[in-house]
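Read through the structure below, which is laid out as structure tokens, and then see the notes.
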Amino acid sequence: MRKFFLLLAILIAIKTSAQKIYGTVFNAKGDLLPYSSITIKGTTTGASANNRARFAFNVTPGNYIIVCQHIGYTTQEKAITINTHDEEVVFILAEQKLVMKEVVVKSNGEDPAYQIIREAIKKRPGYFKQVNAFTCDLYAKDMIKLRHLPTKIFGRKIPDADRQEMMLDTLGVGIIYLSESVAKVAIQQPDKFKMQVVSSRVSGSSGFGFSFPTFISLYQNTVTIFAEQLNPRGFISPLADKAISFYKFKFLGSFWENGKEINSIRVIPRRDYEPLFSGIINITENDWRIHSFDLKLTKKSQLEIIDTLQITQFHVPVNDEVWRVKNQLLHFNFNKLGIDAIGNFVNVYTDYNVAAKFAKNYFDRVIIKYDTNVNKKPAAYWDSIRPVPLEKEEVKDYLVKDSLFERQKDSAISKTAIDSLKKKQGKVKVLDVFWSGISRTHYSKLHTYNWGVNSLLKNLEYNTAEGLVLNVGGYYEKNLPAARRLTVMPNIRYGFSNAHLNAWTDITLRSRDLELDKKIKREEWAFSAGKRVSQFNKESPITPLVNSISTLLYGDNFMKTYENYFVATGFTKRYESGLRFSIKALYEDRIPLNNTTKFTVFKSDSVDITPNYPYEKIATQFNRYQAVIVSTDISYKPGQQYVQFPYRKVAIGSKYPTFTLNYTRGLNGIFGSDVNFDKWKFNVANDNNFKLWGLLKYNVGVGGFLNNKTVYIQDYQHFNGNRSTLAAEYLNSFQLSSYYANSTTAKFYGMAHIEHHFNGLLTNKIPGFNQLNWNLVAGTNTFYINQLSNHVELFIGLENILKIFRVDFITAFENGGRRRTSAISIGFGGLLGGTINKVVNTDKTNGF
498 MRKFFLLLAI
508 LIAIKTSAQK
518 IYGTVFNAKG
528 DLLPYSSITI
538 KGTTTGASAN
548 NRARFAFNVT
558 PGNYIIVCQH
568 IGYTTQEKAI
578 TINTHDEEVV
588 FILAEQKLVM
598 KEVVVKSNGE
608 DPAYQIIREA
618 IKKRPGYFKQ
628 VNAFTCDLYA
638 KDMIKLRHLP
648 TKIFGRKIPD
658 ADRQEMMLDT
668 LGVGIIYLSE
678 SVAKVAIQQP
688 DKFKMQVVSS
698 RVSGSSGFGF
708 SFPTFISLYQ
718 NTVTIFAEQL
728 NPRGFISPLA
738 DKAISFYKFK
748 FLGSFWENGK
758 EINSIRVIPR
768 RDYEPLFSGI
778 INITENDWRI
788 HSFDLKLTKK
798 SQLEIIDTLQ
808 ITQFHVPVND
818 EVWRVKNQLL
828 HFNFNKLGID
838 AIGNFVNVYT
848 DYNVAAKFAK
858 NYFDRVIIKY
868 DTNVNKKPAA
878 YWDSIRPVPL
888 EKEEVKDYLV
898 KDSLFERQKD
908 SAISKTAIDS
918 LKKKQGKVKV
928 LDVFWSGISR
938 THYSKLHTYN
948 WGVNSLLKNL
958 EYNTAEGLVL
968 NVGGYYEKNL
978 PAARRLTVMP
988 NIRYGFSNAH
998 LNAWTDITLR
1008 SRDLELDKKI
1018 KREEWAFSAG
1028 KRVSQFNKES
1038 PITPLVNSIS
1048 TLLYGDNFMK
1058 TYENYFVATG
1068 FTKRYESGLR
1078 FSIKALYEDR
1088 IPLNNTTKFT
1098 VFKSDSVDIT
1108 PNYPYEKIAT
1118 QFNRYQAVIV
1128 STDISYKPGQ
1138 QYVQFPYRKV
1148 AIGSKYPTFT
1158 LNYTRGLNGI
1168 FGSDVNFDKW
1178 KFNVANDNNF
1188 KLWGLLKYNV
1198 GVGGFLNNKT
1208 VYIQDYQHFN
1218 GNRSTLAAEY
1228 LNSFQLSSYY
1238 ANSTTAKFYG
1248 MAHIEHHFNG
1258 LLTNKIPGFN
1268 QLNWNLVAGT
1278 NTFYINQLSN
1288 HVELFIGLEN
1298 ILKIFRVDFI
1308 TAFENGGRRR
1318 TSAISIGFGG
1328 LLGGTINKVV
1338 NTDKTNGF
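For any residue, its number in my numbering is found by taking its place in the sequence shown, counting from 1, and adding 497.
The following block contains the structure:
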């Protein structure tokens, strides 16, 4: 009974100490004013109205003055007394009446807005660095809604099951993502940042909302919004140092608020297809700080992925000297391929502390950290703290999706649920193995695992040593106790011309730490054994598809291979510091593999067939021998930063390069090994985004042989060449170089891959062409061994063609310019192409 009365007393105390101020914002015509800013005067406490112009927030009993703001309307204040009941407040805002103050018109007729902007530009660096360190609380609500989803995309029907899973209506309308987050943000000059996510909620999921971007600041010269994919160059602030060169400004008038004059200025881009904003920015008189703004980006702003993005901010005084962002709204539209979607991302900032002090090691490698129970808060918690009321469709979305999710979670291990998952997966169709492949999950209470068989037809290949080659590959994956994951990948390969059967298996065991605050020490054990076919260059610069096409159509059998019985094992460990260490050991019984067919589609091309070994470097086929090789790799990327979720950390990169050192030794006499050599290689690679000036990518390295007593062609230093029109891997290949002619055992060599992506710079100045959003790329690939063996190629090209393709014109000079060639190459590059290029090259081996 005592516990009951204690609980009742707590509930009464909570009820009487936290009332709610709620209401709606209209204009004088009775229209709703969505996303208005509501603030308790003299504080940063308040809320943002939602899309239906409704607002609500909790307060303790007392007397308050509530301030309501909306860009383009006169600020309104209302006094209110809170006792023991919630209070409703209705704001009716009049349109802002701007006053055209007296100005001195200069002889050149310059608009007075320019002088205001000049003053604001002078103040910009000071305001950006005004506060050395601060903290604030952040509430974020992100919503993405489909307004239309077609029945087909690229001719492929969207399954009804997928539409039902997204809970769309018959027209394809509905919310597809809804999340809320509450976080504590800490910032210290010049570049320290940390965000502690206290609570997070995603509709219909146990996932984590992602509160980003935390701040969008026009006090920076270049503004980054969301990910760099929207525009890697960023967008030029209307208050940037050279803003007047990029923008036109028009003085609309001024208004008064709390005894302070505010200047309203229209921002107009001087040129289309520059990364520029348009809209309204309000600047205070005399101190020339940002009061508020409503700015827009479009395709003419070089905006990628989405069609329009509107950014609205209100700034309020934290004290007599410092103003900070109070509310921020990002509204975007997307309409492509018949998919029509909108999104509203609302941020509300409160409780600024602009004199924050941090412990010595407060800012560490983890810049975003989610608390252990971040997604465990009940709905009542969110109803009590939410400063932006949910709209009716959002309430329904949470109610329906969360209920369904809980029901599925409760029954996840039941026999009925398992049977349902199996049924949804459908029956195994044997014919699928020929084209689409088979990918399945075996559901069980205790022994769930994944398995699959790769497509047979997609993995067919042709070469002159084996003829038509059938590859049968599969996989088995299972999660084991102690956060371990086992992967087994069996492979069978059969050549119809030489009638050779090869079979091998790759086994990988990965593990990672689970403890929330433990530093990352991820480990991987790998084991492979069997008989296989390998390229002489273990980096496999020629893909089977390219080689098959070039051989059949042109008689160019560039890929050179050999067979080998092998056993390989390796261990890799990655540390949170950005250090990665691996050691590998390989035994190979290397067997020559000679041509057995000269078949080509056009018989005249068969005369171009070359021997199945690097004939440019060795005169005859090698004799069978054995090799035992041990290799160690150490790579380090300083300054690696992380997002820490409960029980896992995700690396998000670093501004510093990656340094990699490799040492490889061929051991003589062990298990009959015939090799005896020592070689090393050191690489430095990074991407440097210079914003408006583009993105620089580089990969430079040096290396050589310390000992080359007995080195066979497989163990030479090879420079990844390319003889195909299809571009080889960028930043790791020489597009017009031979595959093996320059392979070496020299004591020293150097190489460099450098390319600069202009990302719209220069090409956006060409009328008509700038609408295509194709971007210039230029650079060089070069290596140097000695005066008789060197290669330099220069290239210039266009990327982001159809968001996928890249076309380069390349000129190469070999051996001091004694041989010159030129060609055009086609590859993947741009918004989507860059991702495709990474996927294409993911499966390449880098050692054994």
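Glycine included, C-beta positions come from ideal geometry on N, C-alpha and C.
The structure displayed is predicted, hence computed values, not measured ones.
By the criterion of a C-beta distance shorter than 8 Å, Arg786 is surrounded in its chain by Ala617, Lys620, Tyr624, Ile780, His812, Trp820, once the five residues flanking it on both sides are discounted. Burial is judged here by how many other beta carbons sit within 10 angstroms of a residue's own beta carbon; Val1104 has fewer than 16 and is exposed. Under the DSSP assignment, Gln810 falls in the beta strand (DSSP E) whose first and last residues are 805-814. Just measuring C-alpha positions, the residue of Val1030, Phe552, Val966, Asn841 sitting nearest Asp1086 is Val1030. Burial state of Thr1222 is exposed, judged by a 10 Å Cβ sphere holding fewer than 16 other Cβ atoms. Closest in alpha carbon position to Gly1169, among Ser1240, Thr1097, Tyr1084, is Tyr1084. By alpha-carbon distance to Gln1232, the top candidate from Ile1088, Leu1329, Asp1305 is Asp1305. Contiguous beta strand (DSSP E) elements confined to the region 618-656 occur at 630-645, taking only those with 3 or more residues. Straight-line spacing of the CA atoms in Ile1149 and Tyr1072 works out to 14 Å. With contacts defined by Cβ atoms closer than 7 Å, Val871 and Ser751 do not form a contacting pair.
Per the coordinates, the alpha-carbon of Gly731 lies some 17 Å from the alpha-carbon of Lys1194. Contact check for Val522 and Ala550: beta-carbon distance about 5 Å, within the 8 Å limit, so the pair qualifies.
Pairing His1215 with Val1274, the inter-Cα distance amounts to about 26 Å.
Linking Met1056 to Ser1132 through their CA atoms gives a straight-line distance of about 30 Å. With a beta-carbon spacing of about 5 Å, Leu1006 and Trp1022 fall inside the 8 Å limit used to define contacts. The beta carbon of Ile650 lies closer than 6 Å to those of Leu834 in the same chain, with the five residues before and after it left out. Sequence-distant partners of Glu974 (beyond 5 residues in either direction) whose C-beta falls short of 6 Å from its own C-beta, in its chain, are Asn947, Thr984.
For Tyr878, the enclosing alpha helix (DSSP H) covers residues 876-882. In chain order, Phe1266, Asn1267, Trp1271, Asn1272, Leu1273 place their CB closer than 7 Å to the CB of Thr1260, counting only its own chain and leaving out the 5 sequence neighbours on each side.
If you compare the alpha carbons of Lys796, Phe1078, Leu715, Pro814 with that of Val564, the shortest gap goes to Pro814.
Contact between Lys866 and Gln593 is absent: CB atoms are separated by about 42 Å, not below the 8 Å threshold. If you draw a 10 Å sphere on the C-beta of Pro558, you find fewer than 16 other C-beta atoms in it, and that means exposed. DSSP places Pro1041 within a helical segment (H, G or I) once states are collapsed to three. For Phe1187, the closest C-alpha among the options Phe1255, Thr1161, Thr1155, Trp879 is that of Phe1255.
Assigned with DSSP and collapsed to three states, Gly971 falls in strand.
The residues Ile733, Phe743, Ser798, Gln799, Asn1261, in chain order, have a CB closer than 8 Å to that of Glu771 in the same chain once the five nearest residues on each side in sequence are set aside.
Close CB contacts of Phe1078 within its chain, under the 6 Å cut and outside five residues either way in sequence, are with Lys1070, Ile1131 (chain order). Tyr1051 carries a helical assignment under DSSP once its states are collapsed to helix, strand and coil.
As DSSP reads the structure, Trp820 sits in a beta bridge with Pro814. The residue among Phe1068, His788, Leu965, Ile577 with its C-alpha nearest the C-alpha of Pro1041 is Leu965. The Cβ-Cβ distance between Ala630 and Ala525 does not fall below 7 Å. In this structure, Gln1123 is the residue among Gln1123, Ala1116, Thr540 with its C-alpha nearest to the C-alpha of Phe1063. Under the criterion of beta carbons closer than 8 Å, Ser1128 and Lys823 do not qualify as touching, at roughly 57 Å.
Val1104 sits in a helix when the DSSP states are folded into three classes. The shortest C-alpha to C-alpha distance from Asp583 to any of Leu792, Gln516, Glu677, Gly923 is the one to Gln516. Closest in alpha carbon position to Ser700, among Val587, Leu896, Pro656, is Leu896.
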